[in-house]
Structure formats: structure tokens, C-alpha cells
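Read left to right, the sequence shown gives residues 6 to 341 (this note's numbering). Ideal Cβ placement from N, Cα and C applies to all residues, glycine included. First the structure, in the form of C-alpha cells, and then the observations on it.
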Amino acid sequence: MRKKILFIGPYTAIGGVSMHIKRLSGLLKDNFDFEFIDESPVTYKSSSVFNLRSGNLLKYLTLIWKSDIVHIHTSIWWLRGFHILTAFLLRKKIVVSFHALLEFKNSKHLNLIRNYTSLADKVIVVNSEMYGILKIEKAVVKEAFIPPDLNSEPAIPVELNELINQNSDKKLIVSNAFRLDLHNDEDLYGLDLMVDVAKQIKTENKPYKIIFVVASQDDKFGLMQNNQSIIEQENLSEQITIFNNPISFVKLIEKSDLVVRATNTDGDALTIREALYLEKPVIASDVVQRPEGTILFENRNSENLFVKINEVISDLALRKISFLQESYKDFYFNLY
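Pasting the structure below:
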């Protein structure tokens, strides 16, 4: 009889963790049966997946009870602990994945996180820095990246394709954010840095075009409005476009010449892994250890970023990034 695996995490929300959950279950669908508990905010979109925010405690307990393995991808520390304790009391095999370094830094709850995580059977962290902070012997380091099935990814929207075609004579630089946000009172995803780079592109008359994709319409800090105002005031629309809609970013990476990840904090970024997988050059901030093949720039330094962009684009004909695809399927099959 096939084992039943229950994934708990943000299933319908847009972002790297939800993408990981969907790709991993798709990768192993011939070997295991999957159920899901979605922690995403309830939206108008209908979904057959049970949402924890519905408050149906009986349904929640039933899904855990009927599973053989509970794999927890929750990013909220106390909720993760609740899931672990519930699954432990119901005598289920527990796997916990930690996707983000941010919750460990300066956390007042780190000892509590260590204590409840010790109840799990397997623990996965996405980089060695997280492993060093968590200090749990049963933890293993494994990046969250699951190779995409490009044939099943949704096509790029027509208006975005038109924009790309209109700039076919330029080198296409792409960057993205799930939702514009602040970290340490600075633009987390570095949209402001990309706007600064656009200014330098205009000043030096470089044949580059930046497309910055923002999936969420949420703009609680006014970052979208502020950056869009700068673009309009300084006539930078030829150099940079903000595309404010969810898309398959990996399909855009396919069409790009260069990928930029300008975050001021990070985990194991899906964007970087996808770029390397597609053998696209990728530049990222030096805030965390990045995968081999990533070109680093000094965090929050737009001038240094522009220098790196020029270096990479001038060397595109010679640059060849190799990315050895591991057997992700074997890793998780053996884990379960």
C-alpha cells in the first residue's frame, strides 16, 4: 500500500514555498499519495485544498490522522510547533523543512524552536548557515529547489510578451518579488536598487531593459507607488518596467539574458536555482551564502550592482554556467 503524505504550508499563496510544495508532490505522485493543508490567506479563488484558516479543527485532525507522514513547511514558528506536537501525539512520522533564514536571526524563540523540532523524525534546512544556527543533529542541508516541468508552466501573458518583443534589440534583465516589503527599513527585494540601475543605464545609454515582476497587489508601504513615480518623473520607462501580476517567472527567465536577485535578506532563493538550472547568468546580493555559479554584488550597493551587470553582459558570449542536476526524486524518496 502506498504511503500517504500530508503537506502543511502555504499551498495556494504565490511564492517559493508553495512552488516547492507543488513541484515536490508532482515529482513523487507516482510513488506516494498526497494531501494538503493550506495556510494561505483565504481569497476569492476556489480551491479543493483544505484551508486551515477555515477553522475546521475536526478536518485538520482527520487529515493528520489519515496520513502516514506529515511534512511541515510552515514559516510561522508557533504554528509549526502546533503542527509538530499534534502529529507527534498522533504518532505520525514528521518531516520539517525550514525555508527561510530570517526567522532564526535575533529570534527570541530559537530555543523553543529547537526543542519542538527535536520531536521530528527528519529536519531539512536549505543552507549551512541555518544548520549552524539551528544546531540539531538530525538536520540535513538540502536546497529547496525542484526542477520545473517547463511544459506544464503557464505561458507568459500576452502583454508581457509584447513588451519583450518591443525590446528585442536589448539585453533583457529580469528580477522579481512576491510582495514588496521592508526589512530593516529597507526595500527587501531591491526594487529601488533596480530603479537606480535603470538611471545608470539611461545615463550611459546602455542597450538594457529591466523587467521587475511583482506578484502581489499588496503595497502597504507604498513601495510600488514610490518607485513607479520615480520611473515616470525621470523618464525611465525605456529602461525599466514593473509588471504587477503573478506569472510563471521561470518562463520569463527562459527569455532573459540575465537574472538579478537584489534582496537584503534571503533563504535558498528559488529564482537563483531556476536561473542556474536554465544556465542563465544570475547576480545576487552577498547577504547569505549563494549557490555555486552565482555572481555576487555588495548588498544595497546599486553602483556595484551596475558594474557586475556590465561585466556579465559584456561576457555573455563567453560565460557558460554549468549546473549539475541532482536526483531530487531519489533524495525525497529515501527520506520518506
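- Every alpha helix (DSSP H) stretch that sits fully inside the region 51-123 and reaches 4 residues is listed by chain position as 62-70, 82-94 and 115-122.
- The criterion of a C-beta distance shorter than 8 Å is not satisfied by L263 and I206.
- Contact between D335 and V131 is ruled out by a C-beta separation of about 18 Å, above the 8 Å threshold.
- Excluding the 5 residues flanking it on each side, A92 has same chain C-beta neighbours closer than 6 Å at I69, V75 and I99, in chain order.
- Under the 8 Å Cβ criterion, the region 134-153 does not count as touching the region 13-20, having fewer than three qualifying pairs.
- Membership of K313 in the alpha helix (DSSP H) is indicated by the continuous run S307 to S319.
- Under a 10 Å Cβ-count criterion, K140 is classified as exposed, with fewer than 16 other Cβ atoms of the shown protein chains found around its own Cβ.
- Between G195 and T268, the gap from beta carbon to beta carbon is short of 8 Å.
- Judged by pairs of C-beta atoms under 8 Å, the region 205-221 does not touch the region 293-306, as fewer than three such pairs exist.
- Annotation: the region 239-316 contains the following complete segments of the beta strand (DSSP E) (minimum length 3 residues), in chain order: 245-248, 263-266, 287-290 and 300-302.
- Taken through DSSP and simplified to helix, strand or coil, L185 comes out as coil.
- Around the CB of T67, fewer than 16 other CB atoms lie within 10 Å, so the residue is classed as exposed.
- Counting only the Cα atoms, L165 lies some 11 Å from N249.
- Only residues of its own chain outside the window of five on either side were considered, and among them I42 and L57 have a CB closer than 7 Å to the CB of Y65, listed in chain order.
- Looking at Y282, V265 and S180, the one whose alpha-carbon comes closest to that of L301 is V265.
- The Cβ atoms of I118 and Y333 lie no closer than 8 Å to each other.
- For secondary structure counted as the beta strand (DSSP E) over 3 or more consecutive residues, the region 152-232 holds these complete runs in sequence order: 176-182 and 213-219.
- The C-beta separation of I245 from V200 comes to about 6 Å, placing the pair in contact by the 8 Å criterion.
- A straight-line Cα-Cα distance of about 12 Å links L63 and F55.
- The alpha carbon of A149 has as its nearest neighbour, out of E303, S102 and G227, the alpha carbon of S102.
- Just so you know, the alpha carbons of N306 and R28 end up roughly 34 Å apart.
- In the structure shown, I141 adopts coil according to DSSP, grouped into three states.
- DSSP places F336 in the helix class (H, G or I) of the three-state scheme.
- Just so you know, the alpha carbons of E158 and N339 end up roughly 27 Å apart.
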